[in-house]
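Student: Here it is, the structure in full.
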Amino acid sequence: MGWPNEFEMPAIPQNAGDLIPHLKIVGGVLVAYFILTRLFSYISILRQVRGLPTQHAFLAAYELGLRTRAPHIPWLLPVKSYYSVPEFERFDKAGSDLLAYTVATEHRAVYFTANPQTAAHLYTKSSDFGKAAFMRRYRSARKFGSNIIAAADGAEHKQHKAIVRGCFGEAIFQRAWEGMSDIVDLMLKEEGVVDGGILKDATFCLIGQVGFGQEVPWNIPETKPGDPMPFLEAMEVIDQSLLYQFMLPGWLMKLIPTDKFKRFGQSQVDFVRYCYQMVREKRAELGITQEADSKPPTDLLGALVYHQMAAENQARSEKGTGQDQVGLTEGEVFSNMFMFLLAGHETTGHTLAFTLAYLALNPQWQEECYNEIREHCGDEAPAYHHVHKLALCHAAGLEALRMRDIVRILAKAAVRDTTIPYTTWDKEGNVTHRQHPVKAGSIIFTDQGAAQRNPFHWDDPNTYNPRRHLSVTADGDARTGVKNNSKNPPFIAFSLGQRQCIGRRFAEVEMVVFLAKIMSRYTIHPVPLHPGESRESIEHRMLDTGTEDLTLIPGKFSIRLEKRA
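Here the sequence shown stands for residues 1452 to 2016, numbered as in the working numbering.
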């Protein structure tokens, strides 16, 4: 058979029907290409996790809010593989503090660590590990604009930190102490018993005062459905619906035909409007009063605007113009305030609830804290100048946070091919230290609760012992920050390194003043559900019935306060 003298082009289809076979071929090629690329990507991930205990899945379910709500479907959506109760149990069963997860719909390997030393390595070695800003949690946190929590590493984060860190100074901390002291008095006047919700109300009142410069009553009136909300009511409703506020726009919630969601949507619309108005009013006010040697306001919003204006003034004096964007945009100022609302009181309120639960169940620590308060404060009420002396009160909050970490998981992404340390052990408890290679783009989660109860790093990890957070200085004073623990693990609840919680000191001041005020005047007792309820039942109800949302929310329990003689 010879070659044709001329090359003949395929006939061009003259109607739509003739195109169908060609489209099927093209579609089939595209589908095959998609499947093959996914298959080769998945095979590559399987190779990356070789040697580790591994869980395989089709869909990812490691995000907070999803893994405790979605149904557990083995292989398809194995949500129970991403957490365990107790937290360290899944690592203990695997004999490794590093677990691997392969997800068919992801293009990267996913790891979970329960090793606090590995966590410290992830948090502090910024040349190898960075903010996983591409994750849904951080994209959702940018709903109103970039902020210090969601900002990517590098220039964006530095830009936020340069403005935000100026807000957390001694004047703000002192106002936080005085504000929380007054709120504790108000709470004790209004409430006969104390539960987790009441403690969240206390920190809500504080963030209203110190965050936005607003005096917050203990009970906020509710407007009629459909009416515009005053600022404080809008802030309260936002606070009660944070998960929905992050996930859904206000206009969409207002279209959902239920009174609850319409109220959520109205609160978001009104809260955003009020905050922008407050930012502009604060700029106008500071534009009149700000001088070279003036002090920043003692509310977070005012301080944030003050430091933003200071950055603009400095740029103007250096460049001769003020036209280029310097520091934060108006939307970013608001977005940071929204993050303060979440991080500034949600986490602290829940931590205080668990702290009171642990103290109620362990009255010997109440007495030790009381003796410390008496030693340093005498007959006077605890004041801000006592804050550094009340180390055991501080440690009582840190220990509750260790045992019931509110944030649950923190994520880092490998920015280049590197290795991470981990540990395995056999049934006899013989430990082997290892290294595992990870590819750039891999996500490494720290299971905070498991890492802070890892028995290979913490002495008696399931025992509430605030003294593990103390050391003794040369002059005999106790101080927090160095562990009184033979294995000396890092305390990772506030993260470490460049992305450590910028409001850590603010939260610690809240904890110390709250606990010192309560324990200086009252003893704390659990309230049984019925006469004769066992300690095991009370302990389980107070400590183990929390629910995981954006944070760990304490279960329903009450405590009784008895006035000291």
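Where a beta carbon is used, it is the ideal one built from N, C-alpha and C, also for glycine.
Note that this is a predicted model, so its numbers are computed, not measured.
Report the residue from Leu1510, Thr1799 and Gly1880 whose alpha carbon sits nearest the alpha carbon of Ala1958.
Tutor: Thr1799
Student: Is the beta carbon of Pro1872 less than 8 angstroms from the beta carbon of Gln1568?
Tutor: yes
Student: Whole angstroms is fine: what's the gap from Ala1967's alpha carbon to Pro1912's?
Tutor: 25 angstroms
Student: DSSP state of His1523, grouped into three classes?
Tutor: coil
Student: Looking at Asn1943: is its Cβ nearer than 8 angstroms to the Cβ of Gln1903?
Tutor: The sequence shown places Ile at residue 1943, not Asn. In this structure, Gln1903 lies closer than 8 angstroms to Ile1943 by Cβ.
Student: Quick check on Gln1506: does DSSP put it in helix, strand or coil?
Tutor: strand
Student: Quick check: the Cα distance between Arg1501 and Lys1890, rounded to an integer number of angstroms?
Tutor: The alpha-carbon atoms of Arg1501 and Lys1890 are separated by roughly 13 angstroms.
Student: Curious, which full-length beta strand (DSSP E) runs of at least 3 residues does the region 1772-1832 contain?
Tutor: Taking only runs of at least 3 residues, no beta strand (DSSP E) segment lies wholly in the region 1772-1832.
Student: Could you tell me the alpha carbon to alpha carbon distance between Lys1651 and Leu1639, rounded to whole angstroms?
Tutor: 14 angstroms
Student: May I have the straight-line CA-CA distance separating Asn1566 from Tyr1727, to the nearest angstrom?
Tutor: Answer to the nearest angstrom: the Cα atoms are 43 angstroms apart.
Student: Consult DSSP for Pro1537 and reduce its assignment to one of helix, strand or coil.
Tutor: coil
Student: Go through its chain and collect everything with a Cβ distance to Ala1551's Cβ below 6 angstroms, but skip five positions before and after it.
Tutor: The residues are Val1500, Leu1503, Thr1505 and Tyr1562.
Student: Does the contact criterion of 3 or more C-beta pairs under 8 angstroms hold for the region 1716-1723 versus the region 1689-1706?
Tutor: yes
Student: What does DSSP give as the partner residues of Thr1874 in its beta bridges?
Tutor: His1884
Student: Counting C-beta neighbours from all protein chains within 10 Å, is the total for Ala1483 16 or more, i.e. buried, or is it exposed?
Tutor: Flag for Ala1483 reads exposed.
Student: Look at the alpha carbon of Phe1624 and the alpha carbon of Ala1794, and state the distance between them as a whole number of angstroms.
Tutor: Taking the straight line from one Cα to the other gives about 16 angstroms.
Student: How should Gln1951 be labelled, buried or exposed, when 16 other C-beta atoms within 10 angstroms of its C-beta is the threshold for buried?
Tutor: exposed
Student: What separation, rounded to the nearest whole angstrom, lies between the Cα atoms of Glu1612 and Ile1599?
Tutor: According to the sequence shown, residue 1612 is Lys rather than Glu. Whole-angstrom Cα-Cα distance: 7 angstroms.
Student: Under 8 angstroms between the Cβ atoms of Ala1512 and Val1530?
Tutor: yes
Student: Can you tell which of Gln1696, Pro1525, Thr1575 and Glu1797 has the C-alpha that lies nearest to the C-alpha of Ser1946?
Tutor: Thr1575
Student: Taking the alpha-carbon of Arg1919 as reference, which of Met1962, Pro1977, Cys1844 and Ser1985 has the nearest alpha-carbon?
Tutor: Cys1844
Student: Could you check how far apart the C-beta atoms of Pro1679 and Ala1804 are, in whole angstroms? I think they sit under 8 angstroms.
Tutor: Pro1679 to Ala1804, Cβ: 32 angstroms. No contact.
Student: List the endpoints of the continuous beta strand (DSSP E) containing Tyr1562.
Tutor: Val1561 to Thr1564
Student: If contact is defined by three or more beta carbon pairs under 8 angstroms, each pair taking one atom from either stretch, is the region 1569-1589 in contact with the region 1519-1528?
Tutor: Because the criterion of three Cβ pairs below 8 angstroms is not met, the region 1519-1528 and the region 1569-1589 do not touch.
Student: Which of helix, strand or coil does DSSP assign to Arg1867?
Tutor: coil
Student: Within the present structure, is the beta-carbon of Phe1619 separated from the nearest heavy atom of the ligand FMN by less than 7 angstroms?
Tutor: Looking at this structure, you won't find the ligand FMN or any other ligand, since it has none at all.
Student: Using alpha carbons as the reference points, say which of Gly1620, Val1963, Ser1495 and Leu1812 lies closest to His1558.
Tutor: Ser1495
Student: Opposite Val1889 in the DSSP bridges: which residues?
Tutor: Thr1869
Student: Using the beta-carbon count (16 or more within 10 Å), is Val1838 buried or exposed?
Tutor: buried
Student: Find the nearest neighbour of Leu1852 within the set Glu1819, Thr1870, Thr1883 and Thr1914, judged by alpha-carbon distance.
Tutor: Thr1914
Student: In the DSSP assignment, find the unbroken alpha helix (DSSP H) run with Gly1701 in it and report its ends.
Tutor: Gly1701 to Leu1706
Student: Please state whether the Cβ-Cβ distance between Trp1816 and Ala1847 is less than 8 angstroms.
Tutor: In contact: Trp1816 and Ala1847 (Cβ atoms closer than 8 angstroms).
Student: Can Asp1710 and Pro1676 be called in contact, C-beta distance under 8 angstroms?
Tutor: yes
Student: Helix, strand or coil: how does DSSP classify Asp1911 here?
Tutor: Of the three classes helix, strand and coil, the one that applies to Asp1911 here is coil, per DSSP.
Student: Starting from the Cα of Ser1971, find the closest Cα among His1991, Ile2010, Gly1829 and His1836 and give me that residue.
Tutor: Gly1829
Student: Can you give the Cα-Cα distance for Glu1514 and Leu1699, rounded to whole angstroms?
Tutor: Spanning the two alpha carbons is a distance of roughly 17 angstroms.
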